[in-house]
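Student:
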Amino acid sequence: MPEQVTPVTFPPTFLWGSATSAYQIEGAVREDGRTPSIWDTFSHTPGKTAGGEHGDIAVDHYHRYREDVALMAELGLGAYRFSISWSRVQPTGRGPAVQRGLDFYRRLVDELLAHDIKPAITLYHWDLPQELEDAGGWPERDTALRFAEYARIVGDALGDRVENWITLNEPWCSAFLGYGSGVHAPGRTDAAASLRAAHHLNLAHGLGASALRSVMPARNSVAVSLNSCPVRPLSQDPADLAAARKIDDLANGVFHGPMLHGAYPETLLSATSSITDWSYVQDGDLEKINQPLDALGLNYYTPTLVSAASPADASGPRSDGHGASSYSPWPAADDVTFHLTPGDRTEMGWSIDPTGLHELIMRYTREAPNLPLYITENGAAYDDKPDADGRVHDPERIAYLHGHLSAVRRAITDGADVRGYYLWSLLDNFEWAYGYGKRFGAVYVDYATLERTPKSSAHWYGRAARTGELPPLQD
1 MPEQVTPVTF PPTFLWGSAT SAYQIEGAVR EDGRTPSIWD TFSHTPGKTA GGEHGDIAVD
61 HYHRYREDVA LMAELGLGAY RFSISWSRVQ PTGRGPAVQR GLDFYRRLVD ELLAHDIKPA
121 ITLYHWDLPQ ELEDAGGWPE RDTALRFAEY ARIVGDALGD RVENWITLNE PWCSAFLGYG
181 SGVHAPGRTD AAASLRAAHH LNLAHGLGAS ALRSVMPARN SVAVSLNSCP VRPLSQDPAD
241 LAAARKIDDL ANGVFHGPML HGAYPETLLS ATSSITDWSY VQDGDLEKIN QPLDALGLNY
301 YTPTLVSAAS PADASGPRSD GHGASSYSPW PAADDVTFHL TPGDRTEMGW SIDPTGLHEL
361 IMRYTREAPN LPLYITENGA AYDDKPDADG RVHDPERIAY LHGHLSAVRR AITDGADVRG
421 YYLWSLLDNF EWAYGYGKRF GAVYVDYATL ERTPKSSAHW YGRAARTGEL PPLQD
């Protein structure tokens, strides 16, 4: 007799969605009043992105959004998480809104609602208006104040029809890849600046959450999306455990400490004291950051494996998974070595480990026991190509999704309040410094014609969304 496999089913209220970000898909970078963001500037700087590629056209979602919403509806998705381009709405990062920019998002929201798809808005997905960077960027306190003004503008314009809001996406990347290692915009390499940026991103989250609530109906949900990761020691040696604690502070505690608990970890402050004195944390900041949240978004791709550095490690490269750079994104971590995590890998070189997602969910179930959780990003890049008939088969991605969604279901069984999952990403798109070489989409995009073709994983995921049950693994 064949082995009986128990179906993996989800609660009927579980939200099945997909996610994108503005700069990665919209294009139309000079239309309707939009001005450059730091990613426009960075991607047009020679040597910063693979092949000098940029998001000027991207996948032209700005003009094709109706087609893309129709694809979501055809697949049976119930939710769509997208970000607002700050410089499309507020071109200088200051002053009144450009209504033509807001009108695009009004049209998008209307189209989603007409197809019974719940919109979820992310206010900041890394595309700071260039004028604010010219004034100092995230290491400066004023940028957090400007973000609160921007949040109020967008909340006032769309809060009557959009219930789910996210202040920041992955502030770790904004702070440490943008200002520490320089592999992301704006491309600065200053460890002290990266820590100042982290604090002002935290402050922006708190001020932005308050601003949203000041103009939106009380029923709306305000959240933040963190790319927290499980940090695992190579061994149980005390030195390796101490290394894991240091990186956990820098990867996770630097954001969830003030956001969830109203304080930075004392071990973080001590470890970084040779780099910064934290004097930019003003009286009242931690109270402003520690706003009550309605939900927490978790973005997960792979765990991190570390040990204490040995003398033999001093001249070797770091395997930290955050791009090629002679600068580390981890301030005060010269005494830590990063190791390649075991397992099969995606095209990003990231190990495939669904247990890390379960571990992460259960950690935040303990950290914030009454806070609903959403997986706001999870997905994989593969070298997808159409076959002779024009179809795109991606069984590796199906296996990846099955494994990670099974881990989510196991966490729910273990008591976690996980209410939804947003697949990254709806469409193949501009993958930041990697250009167009890494395909995360469930929908294949021919970058020459911009034609969209749902991959086999899109149909698999759509079936899961429609039935609430994971289909079999076959392609």
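Going by the UniProt record's numbering, the sequence shown opens with residue 1, and the numbers climb by one from there. Glycine included, every Cβ here is placed at the ideal spot set by N, Cα and C. All values reported here derive from a predicted model rather than from experimental measurement.
1) If we call anything under 8 Å between Cβ atoms a contact, is Val215 one with Gly155?
2) Taking the CB atoms as reference points, tell me whether Tyr374 and Arg419 lie closer together than 8 Å.
3) Hey, how far is the Cα of Trp16 from the Cα of Asp277?
4) What are the partner residues of Thr304, as DSSP defines its beta bridges?
5) For Ile270, which option in Ala209, Gly257, Ala332 has the closest C-alpha, if you only look at C-alpha atoms?
6) Run through DSSP, which three-state label would Tyr124 get?
7) Shortest alpha-carbon distance to Arg30 belongs to which of Pro11, Ser87, Ala70, Thr13?
8) State the start and end residues of the unbroken beta strand (DSSP E) segment that holds Ile166.
9) CB Pro354 to CB Gly403, shorter than 8 Å?
10) Does DSSP classify Val109 as helix, strand or coil?
11) Where does Ser326 sit, in a helix, a strand or coil, going by DSSP?
12) Can you find the residues in the same chain that come closer than 7 Å, C-beta to C-beta, to Met348, ignoring five residues on each side of it along the sequence?
13) How would you label Asp394, buried or exposed, when you count the other beta carbons within 10 angstroms and need 16 or more for buried?
14) So, under 8 Å CB-CB, Ala243 and Pro230 are touching, yes? Tell me the CB distance rounded to an integer number of Å.
15) Between the Cα of Thr302 and those of Ala464, Ser310, Tyr400, Ala465, spot the shortest distance and give me the residue it belongs to.
16) What residue range is occupied by the uninterrupted beta strand (DSSP E) comprising Glu377?
17) Tell me which same chain residues have a C-beta within less than 8 Å of the C-beta of Met1, skipping the five on either side of it?
18) Which ranges does the beta strand (DSSP E) cover as unbroken runs of at least 3 residues, wholly within the stretch 162-216, from first to last along the chain?
19) For Arg410, I'd like the list of residues in its chain whose CB is within less than 6 Å of its CB, leaving aside the five on either flank, ordered along the chain.
20) Are Ala151 and Leu123 closer than 8 Å when you measure CB to CB?
21) Given 8 Å as the limit, is there contact between the stretch 187-196 and the stretch 123-132, that is, 3 or more CB pairs closer than that?
22) Taking buried to mean at least 16 other C-beta atoms within 10 Å of its own C-beta, is Pro258 buried or exposed?
23) Let's test the definition: count the other Cβ atoms within 10 Å of the Cβ of Lys48 and tell me whether it reaches 16, buried, or not, exposed.
24) So Pro395 is in the alpha helix (DSSP H); what residue range does that whole segment cover?
25) Give the straight-line distance between the Cα atoms of Ala442 and Ala407, rounded to the nearest whole angstrom.
26) In whole angstroms, what separates the C-alpha of Asp32 from that of Gln99?
27) When you compare only the Cα positions, how much space is there between Val27 and Ile121?
28) Closest by CA to Pro171, which one among Leu112, Pro217, Leu212, Leu250?
29) Suppose the cutoff is 8 Å on Cβ atoms and the five residues either side in sequence are ignored; what does the same chain contact list for Lys455 look like?
30) Check each candidate in Ile57, Val162, Val336 and name the one with the smallest Cα separation from Tyr105.
31) Secondary structure at Ser85, three-state DSSP: helix, strand or coil?
32) If you pair each beta-carbon of the stretch 419-437 with each one of the stretch 49-61, do three or more pairs fall below 8 Å?
33) For Lys118, write down the residues that DSSP places opposite it in a beta bridge.
Tutor: Walking through what the data contain:
1) yes
2) Yes, these two residues count as a Cβ contact at 8 Å.
3) 44 Å
4) Val231
5) According to the sequence as given, residue 270 is Ser; it is not Ile. Minimum Cα distance to Ser270 is reached at Ala332.
6) strand
7) Ser87
8) 164-169
9) yes
10) helix
11) Note: Ser326 maps to coil in three-state DSSP.
12) Ala381, Lys438
13) buried
14) About 14 Å; that fails the 8 Å criterion.
15) Tyr400
16) Note, Glu377: beta strand (DSSP E), 373-377.
17) Summary for Met1: the model assigns pLDDT 48, below 50, so the residue's position carries little reliability, and this model does not support an answer.
18) 164-169
19) Cβ within range, chain order: His358.
20) It is a contact, given that the beta carbons lie within the stated cut-off.
21) no
22) Of the other Cβ atoms in all chains shown, 16 or more fall within 10 Å of the Cβ of Pro258; this residue is therefore buried.
23) buried
24) 395-413
25) Take the alpha-carbon of Ala442 and the one of Ala407: they are about 20 Å apart.
26) Straight-line Cα distance between these residues: approximately 9 Å.
27) For the sequence presented, residue 27 should be read as Gly rather than Val. Straight-line spacing of the CA atoms in Gly27 and Ile121 works out to 18 Å.
28) Leu250
29) Asp384, Val392, His393, Asp394, Arg397, Gly441, Ala442, Val443, Tyr444.
30) Val162
31) coil
32) yes
33) Partner(s): Ala79.
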